[in-house]
Every structure is written in C-alpha cells, then in structure tokens.
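Take a look at the structure set out below.
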Amino acid sequence: MAQTSEALRELTEISTQIEAAVVLDREGAVVASTLDDDRAGRLAGPTLQLLRAAEETGPDSESLVQLEAALRDGVVFLVADADRVIAATTGPEPTAGLVFYDLKSCLRALGAEEKPKPAAKPRARRAPAKKAPAPRTRKKQDDAGA
Amino acid sequence: MRGRSFVTGVVVAAGSAAGAIALGRRAARRRERVELYFGDGSLMTLSAGSPEAERLLAQARELLAAARG
Numbered sequence: 173m174a175q176t177s178e179a180l181r182e183l184t185e186i187s188t189q190i191e192a193a194v195v196l197d198r199e200g201a202v203v204a205s206t207l208d209d210d211r212a213g214r215l216a217g218p219t220l221q222l223l224r225a226a227e228e229t230g231p232d233s234e235s236l237v238q239l240e241a242a243l244r245d246g247v248v249f250l251v252a253d254a255d256r257v258i259a260a261t262t263g264p265e266p267t268a269g270l271v272f273y274d275l276k277s278c279l280r281a282l283g284a285e286e287k288p289k290p291a292a293k294p295r296a297r298r299a300p301a302k303k304a305p306a307p308r309t310r311k312k313q314d315d316a317g318a
Numbered sequence: 014m015r016g017r018s019f020v021t022g023v024v025v026a027a028g029s030a031a032g033a034i035a036l037g038r039r040a041a042r043r044r045e046r047v048e049l050y051f052g053d054g055s056l057m058t059l060s061a062g063s064p065e066a067e068r069l070l071a072q073a074r075e076l077l078a079a080a081r082g
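Protein sequence lines, in the order shown, are assigned to chains A and B. When we follow the numbering used here, the leftmost residue of the first sequence carries the number 173, and every step to the right adds one. When we follow the numbering used here, the leftmost residue of the second sequence carries the number 14, and every step to the right adds one.
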C-alpha cells in the first residue's frame, strides 16, 4: 500500500496549489501518494512514460531534473532525482517556481525519511576540573616551635 | 474643446493598446507548452504544435486525467 508519508502530508499542507502528488521509484513502483492506491497506481504508468519521453527529447548526456507541462485546464509537474520521481498536478496558472521548490523539498525530505538516522554518539565526558591546589600557608615559626 | 477631445482620444488609444498587450500576454501564458529542465541547468521549451511537444502534452493530459479520476 502506498503510504502518505510525512513529507507528502507536509507538501499538501504547505502548497495549496497542488491537487495531487505521487512519488515513484525509477522502476515505476509507487513509494508514496496523496491519492488512494487505485488512482496512485493509474498515475504511475503515465508518469513514467512522460519522464522517459522527456528524457529522450533532451540532450543525450543530460538527465532531466524538472518538467512543467502547461495544459488548458491544469499543469503537470515532474521533479526527478537519482532514485525517485515526484509528479504533481495543479490547476491552471500556478506559481511554478513555488511548486518546483516544494516538490524538491519533498523529495529531499523523503530521502531523509528513508535513511536511518545514525546512532547518537555518546558524548565524551569531560574530565572533572582539577581542583586548584589549596594555597600553601607557611606555618608560623611560632606555631612550629610550640 | 478640440484639445480636450485630442487628449481623450490619446488616452483611449493608449488604454486599448495596454489592454491588448495584457490580453496577449495572458493568452501566451495559457498556451499549452512543455518546459524541460536538465541537470546542466539548460532549459528547453516546446510549444504546442511541434511533434515533440504534442507527444509530451498527450502524456501530460493522460496523467492529469488519471489524477482527477
């Protein structure tokens, strides 16, 4: 089941322009989605096809990192990194820069969610502060003599 | 009197021109297009009408329809 991860939940809370979003791995498996499983699964095929067609269109050596397809009744955004691709849809004329920023942040957050946090190193204990030696006091000659 | 009507004419003409430019820009924004951004920072814009754009736009339409159910 495609989980709605914390990163996607934050994405839809922050970016009110985004209607739906789905995250896939590079093989097309749904990693997370804001939609139910059926619709997320139906989105996976066209997302992967669009990504591959766009990559074929561009220069050979360069990988596609972002795509914006503006249609009459909405806009489709894709953002890809080495492991995953996120697709999102909005209504017409969104603020593209903001949407791209939010999608990139979401992908980064998903990457951070997957990486296990390194175990916290025990803090090196400080050596206790040396006590200042008590000031030597000379015994008075008188006392010593007594 | 003649001077005032001349000024009115100029203002109306300027307003019409500004309106036409604004509408043109809005129409251009609404035109279907695909923008591709690559790893080296290059950008490719494909406007509706070219075969490459039409192929990508068809897939984007399919994706949008699937998302909206």
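Quick reminder that beta carbons are idealized off the backbone N, C-alpha and C, glycines included.
Query                                                                                                                                                                : Result
Relative to the C-alpha of SER177 of chain A, which candidate in A:TYR273, A:LEU196, A:THR188 has its C-alpha closest?                                               : A:LEU196
Please report how far the alpha carbon of ALA212 of chain A lies from the alpha carbon of ALA242 of chain A, in whole angstroms.                                     : 21 Å
Quick one: what's got a C-beta closer than 7 Å to GLU240 of chain A's C-beta in the same chain, skipping five residues either side?                                  : VAL247, PHE249, ALA268
Helix, strand or coil for ASP232 of chain A? Go by DSSP, reduced to three states.                                                                                    : coil
Is it true that the segment 263-280 of chain A meets the segment 182-190 of chain A, where meeting means three or more beta-carbon pairs spaced less than 8 Å apart? : yes
Can you list, in chain order, the residues of its chain whose CB lies under 7 Å from that of ALA179 of chain A, leaving out five sequence neighbours each side?      : CYS278, ALA281, LEU282, GLU285
Under 7 Å Cβ-Cβ, which residues of chain A neighbour GLY82 of chain B?                                                                                               : ARG211
Check whether the Cβ atoms of GLY80 of chain B and ALA192 of chain A lie closer than 8 Å to each other.                                                              : The displayed chain sequence assigns Ala, not Gly, to residue 80 of chain B. Going by C-beta atoms, ALA80 of chain B is nearer than 8 Å to ALA192 of chain A.
Let me check understanding here. Comparing Cα to Cα, which of A:ARG224, A:SER235, A:PRO264, A:LEU223 lies closest to SER55 of chain B?                               : A:SER235
Once DSSP output is grouped into helix, strand and coil, what is the label at GLY246 of chain A?                                                                     : strand
Any idea which residues DSSP pairs VAL251 of chain A with across the strands?                                                                                        : A:GLN238, A:ILE258
Look up ASP197 of chain A in the DSSP assignment and say whether it is helix, strand or coil.                                                                        : strand
In the DSSP output, which residue or residues are listed as bridge partners for ALA61 of chain B?                                                                    : B:SER63
Once you ignore the five residues that flank LEU49 of chain B on each side, which residues in its own chain have a CB closer than 6 Å to its CB?                     : MET57
What did DSSP end up calling GLU75 of chain B once you bin it into helix, strand or coil?                                                                            : helix
Thinking just about the alpha-carbon of each residue, which of B:ALA31, B:ASP53, B:ALA30 is nearest to the one in PRO231 of chain A?                                 : B:ASP53
Do LEU220 of chain A and GLY200 of chain A count as a contact pair if the criterion is CB distance below 8 Å?                                                        : yes
What residue does the beta strand (DSSP E) around GLU48 of chain B start on, and which one ends it?                                                                  : 46-51
Does any CB atom of chain A fall closer than 8 Å to the CB of ARG74 of chain B?                                                                                      : yes
With distances taken from CA atoms, which of A:LEU223, A:ASP210, A:ASP208, A:THR206 is nearest VAL257 of chain A?                                                    : A:LEU223
Note down, in chain order, all residues in the segment 233-252 of chain A with a beta-carbon under 7 Å from any beta-carbon belonging to chain B.                    : GLU234, SER235, LEU236, VAL237, GLN238, LEU239, GLU240, ALA241, ALA242, LEU243, ARG244, GLY246, VAL248
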